[in-house]
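One structure below.
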Amino acid sequence: MEKLFGVQDLNARYAEAIDDDRLESWPDFFGETCKYLVTTAENVAQGLPIGMMFATSRAMLRDRIKALRQANIYEPQRYRHVLGAPQLIEERDGALVTRTSFMVARIMHGGETMLFATGRYDDRVARNGKGLEFAEKTVVLDSRQVDTLLAIPL
Amino acid sequence: MNAPAGIRAWPTDTLTRVPYWIYSDQALFAEEMERIFRGDAWSFLCLEAELPKPNTFRTSHLGDMPVVVTRDKDGAIHAFENRCAHRGALLVIKERGETKDIACVYHNWTYDLCGNLTGVAFRRGIGGKGGMPPDSHPEAHAPRRLRVETFCGLVFGTLGSNTPPLETYLGADIVPNIRRVMRKPVKVLGGYSQILPSNWKLYMENTKDSYHASLLHMFFTTFRLNRLSQKGGLVVSEDGGNHISYSMAADVAGKEYEQAKLRTANESYALEVPELLKSVDEFGDGIGLQILSVFPGFILQQIRNSLAVRRIVPIATDKSELVWTMFGFEDDTDELHNIRLMQANLIGPGGFISMEDGAAVGFVQRGSRGAGRELSVVEMGGQGIGSEESRVSEAAVRGFWNAYRRHMGM
Chain A
1 MEKLFGVQDL NARYAEAIDD DRLESWPDFF GETCKYLVTT AENVAQGLPI
51 GMMFATSRAM LRDRIKALRQ ANIYEPQRYR HVLGAPQLIE ERDGALVTRT
101 SFMVARIMHG GETMLFATGR YDDRVARNGK GLEFAEKTVV LDSRQVDTLL
151 AIPL
Chain B
1 MNAPAGIRAW PTDTLTRVPY WIYSDQALFA EEMERIFRGD AWSFLCLEAE
51 LPKPNTFRTS HLGDMPVVVT RDKDGAIHAF ENRCAHRGAL LVIKERGETK
101 DIACVYHNWT YDLCGNLTGV AFRRGIGGKG GMPPDSHPEA HAPRRLRVET
151 FCGLVFGTLG SNTPPLETYL GADIVPNIRR VMRKPVKVLG GYSQILPSNW
201 KLYMENTKDS YHASLLHMFF TTFRLNRLSQ KGGLVVSEDG GNHISYSMAA
251 DVAGKEYEQA KLRTANESYA LEVPELLKSV DEFGDGIGLQ ILSVFPGFIL
301 QQIRNSLAVR RIVPIATDKS ELVWTMFGFE DDTDELHNIR LMQANLIGPG
351 GFISMEDGAA VGFVQRGSRG AGRELSVVEM GGQGIGSEES RVSEAAVRGF
401 WNAYRRHMGM
């Protein structure tokens, strides 16, 4: 239970960083080398590897945020994550394999709010010197459809 | 919104002015589905690789019409309307799968994989009561069968009786450039779809608009994946409907962008992990980017080693679904496979260089609301639809409208 408490806290802080537009701190929730993949349940079911975002290091996650801030063009928008209780699947090599459901609403600058994404986080959570971090995070979207664009990470 | 009576004609005698009602007229949308998507045009349905063995199916679309594509027990590919002869229910609900025959869930009418009606439940009734009159012939209302042709692993279908053979339709300029990419057995690597808040034509124009590429997509420009000053060109098919925009991988750029102080030329912008852009010249011709489109709604994309097919499904005047399928080849080395996974970051709704397209076409849809009688300006590169060396041109966009007008009789 105590372990799951730690994961729940990590999840909550992770989601808050995104929802509060503190995207520069988002990569710090991951290990220096890590895996971040946003994909669909359909791809996972078929064993297909390509999804919508993919990174293998914290530095690549920083690049994603840098591009988002400096290069990519998109209308101002925010997310609101609502997370389910994390489930401990197993402990492997000192890391916790966990699964957490999420729903994300997207709020456009004009006020339009929509249910943007639902799915699950399939995570591997490891301990670093300071606390817990994601060694792997696979964002498995329930739907294969994304409305307009996926700028901010999930 | 419907176009005011009497204005649904092309407003000028050139292709350089496009009326805004063309993106929002409800009646026109329905007419496009009939005249274009179910007329004498080839629509891309799926990759052959999505029907990997006998007795498999994949659902797709001909415009807004649902279609089933199948590979029968002998390996032949068929496509037919996804509509039961009886009451019109969808015959196949799943995206893909394996089956020997198809049964409508509503009343269990059955079909073979060619789309033939093979069984009507309780056709003779039960115990001599009920059932269908002996002279009834429901087979006459069977789902319409598409003419199917495949080319280099791409499956196309048409309902038109006068659609030319596929290779003729693609044209002599386009055929070798499909062959260039689709040169080996394909392996599907992933898929997703993007809901575009716009008319289907705005996305096709966007694809054919080589002028916008390095102006809207800063990521592209900054990392010299594509600058208009890079060597490349624009090839437009004879009637304008199909096109290729390409550029060489090596940047021979001068300082045109910097001198013009464009928003997109931020030299201070550098990646911590430039390996993201690492690529190999897998086609051996130095071409780093090739975007190829086929009227009305097909795109074949090579962006470095990121390969994908995209097809557009019109949903409403202001809503479309863009279905992406990423692929590599069966004989890809691990290195090339990993490069494709990494470069997938460039494309799709979350792609560094393509996320803006979904927003941009939506901006036009929203911006032109209420501008029905006004005209947009499509005059870069002059008035023609011919191929050219410069990609600072809207020739392929004008080509699209040339083909559109021909199909619509407008």
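Heads up: the sequence lines are chains A and B, in that order.
Reminder that position 104 of the first sequence reads as 104 in my numbering, one-by-one numbering, no gaps.
Reminder that position 184 of the second sequence reads as 184 in my numbering, one-by-one numbering, no gaps.
C-beta: ideal position from N, C-alpha, C; glycine also.
Span of the alpha helix (DSSP H), counted from its first residue to its last, around residue i
i: A30(B); result: 26-32
i: F5(A); result: 2-19
i: I244(B); result: From DSSP, I244(B) is part of no alpha helix (DSSP H) but of the beta strand (DSSP E) over 243-248.
i: I178(B); result: 175-181
i: L341(B); result: 334-343
i: V364(B); result: 355-367
i: V44(A); result: 41-46
i: T168(B); result: 166-170
Residue i, DSSP secondary structure in three states
i: V105(B); result: coil
i: V148(B); result: strand
i: S57(A); result: strand
i: Q383(B); result: coil
i: R406(B); result: helix
i: G297(B); result: coil
i: G233(B); result: strand
i: A253(B); result: Confidence at A253(B) is low in this model, with a pLDDT of 43, below 50, so the placement of that residue is unreliable and no value is reported for it.
i: I36(B); result: helix
i: D155(A); result: Chain A is shown only over 1 to 154; residue 155(A) falls outside these bounds and no answer can be derived.
i: I50(A); result: coil
i: D64(B); result: coil
i: F134(A); result: strand
i: F352(B); result: coil
i: L141(A); result: strand
i: M132(B); result: coil
i: E81(B); result: strand
i: G111(A); result: coil
i: F102(A); result: strand
i: R398(B); result: helix
i: A471(B); result: The requested residue 471(B) is not part of the displayed model; chain B covers only 1 to 410.
i: K73(B); result: coil
i: K201(B); result: helix
7 Å Cβ cutoff met for residue i and residue j
i: G399(B); j: P197(B); result: no
i: R373(B); j: F44(B); result: no
i: P314(B); j: V146(A); result: no
i: W42(B); j: L166(B); result: yes
i: E16(A); j: R144(A); result: no
i: F327(B); j: L307(B); result: yes
i: C46(B); j: V69(B); result: yes
i: V139(A); j: L154(A); result: yes
i: R80(A); j: A105(A); result: yes
i: F80(B); j: G115(B); result: yes
i: R62(A); j: P27(A); result: yes
i: H243(B); j: K208(B); result: yes
i: N72(A); j: M355(B); result: yes
i: S247(B); j: L289(B); result: yes
i: S393(B); j: L234(B); result: yes
i: H141(B); j: W109(B); result: no
i: V309(B); j: T333(B); result: no
i: Y36(A); j: A151(A); result: no
i: L215(B); j: A360(B); result: no
i: P54(B); j: K73(B); result: yes
i: R35(B); j: M408(B); result: yes
i: A49(B); j: V186(B); result: yes
N-terminal and C-terminal residue of the beta strand (DSSP E) that residue i is part of
i: G190(B); result: 186-196
i: H209(B); result: According to the sequence shown, residue 209(B) is Asp rather than His. Run containing D209(B): none; DSSP gives neither H nor E here.
i: R311(B); result: 306-316
i: E321(B); result: 319-329
i: T118(B); result: 117-119
i: V18(B); result: 17-19
i: F44(B); result: 43-47
i: T158(B); result: 154-158
Residue i CB to nearest heavy atom of the ligand MN below 6 Å
i: Q230(B); result: Here there are no bound small molecules, and the ligand MN is not part of this structure.
For this session: Can you give me, in chain order, the residues of the stretch 352-376 of chain B that have a beta carbon less than 7 Å from any beta carbon in chain A?
Result: F352, M355, E356, G358, A359, G362
Exercise. Which of the residues in the stretch 52-65 of chain A, read from start to end, lie with their CB under 7 Å from any CB of chain B?
Worked result: M52, M53, F54, S57, A59, M60, R62, D63
Exercise. Between the stretch 99-131 of chain A and chain B, which residues of the former have a C-beta closer than 8 Å to a C-beta of the latter?
Worked result: none
Problem set entry | Runs of beta strand (DSSP E) wholly within the stretch 58-98 of chain A (minimum 3 residues, chain order) | The DSSP assignment places 77-83, 87-92 as complete runs of the beta strand (DSSP E) inside the stretch 58-98 of chain A, in order along the chain (cut-off: 3 residues).
For this session: Scan the stretch 67-92 of chain A for residues whose Cβ lies nearer than 8 Å to a Cβ of chain B and list them as they occur along the chain.
Result: A67, Q70, A71, N72, I73, Y74, E75
Exercise. Residues in the stretch 193-218 of chain B with C-beta within 9 Å of chain A's C-beta atoms, listed in sequence order?
Worked result: S193, Q194, I195, L196, P197, L216, H217, M218
Problem set entry | Residues in the stretch 271-294 of chain B having any Cβ partner in chain A nearer than 8 Å | L271, E272, V273, L276
Exercise. Which residues, in chain order, does the stretch 140-151 of chain A contribute to contact with chain B at a C-beta distance below 7 Å?
Worked result: R144, Q145, V146, D147, T148, L149, L150, A151
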